[in-house]
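Engineer: Okay, handing you the structure first.
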Amino acid sequence: VNDAIDIMEYIVVVREEKLGTAHFDVVDEKRRLDVLLKEAGRVRNRKTKSLELLLDVFDD
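All residue numbers for the sequence shown refer to my numbering, where the first residue is 209 and numbers rise by one.
Structure, rendered in structure tokens:
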């Protein structure tokens, strides 16, 4: 189960980067990941980005 969670987390991150967070495929993958995490008693590791970092990326 832990390997499946790691793979699913990677898939969600890649799809978020490629498709955006609101895309229906990404939302579906997040739901699947949430189910796996709930079954394993874990929570999703969400990497937060500071506003300064986000603004710096868009300034380039």
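Virtual Cβ for every residue (Gly too), placed ideally from N, Cα, C.
1) Isoleucine 213 and arginine 239 look like a contact to me (Cβ under 8 Å); what is the Cβ gap, rounded to whole Å?
2) Taking the continuous alpha helix (DSSP H) assigned at alanine 248, which residues delimit it?
3) Please state the DSSP three-state secondary structure of valine 221.
4) Any idea if glutamate 225 is buried or exposed, counting beta-carbon neighbours within 10 angstroms, 16 or more meaning buried?
5) With the cut-off set at 9 Å, would you say glutamate 247 and valine 220 are in Cβ contact?
Structural biologist: Put simply:
1) About 14 Å; that fails the 8 Å criterion.
2) Where alanine 248 is concerned, the enclosing alpha helix (DSSP H) starts and stops at 232 to 248.
3) Helix at valine 221.
4) The residue in question, glutamate 225, is exposed, as its Cβ has fewer than 16 Cβ neighbours within 10 Å.
5) No. Outside cutoff.
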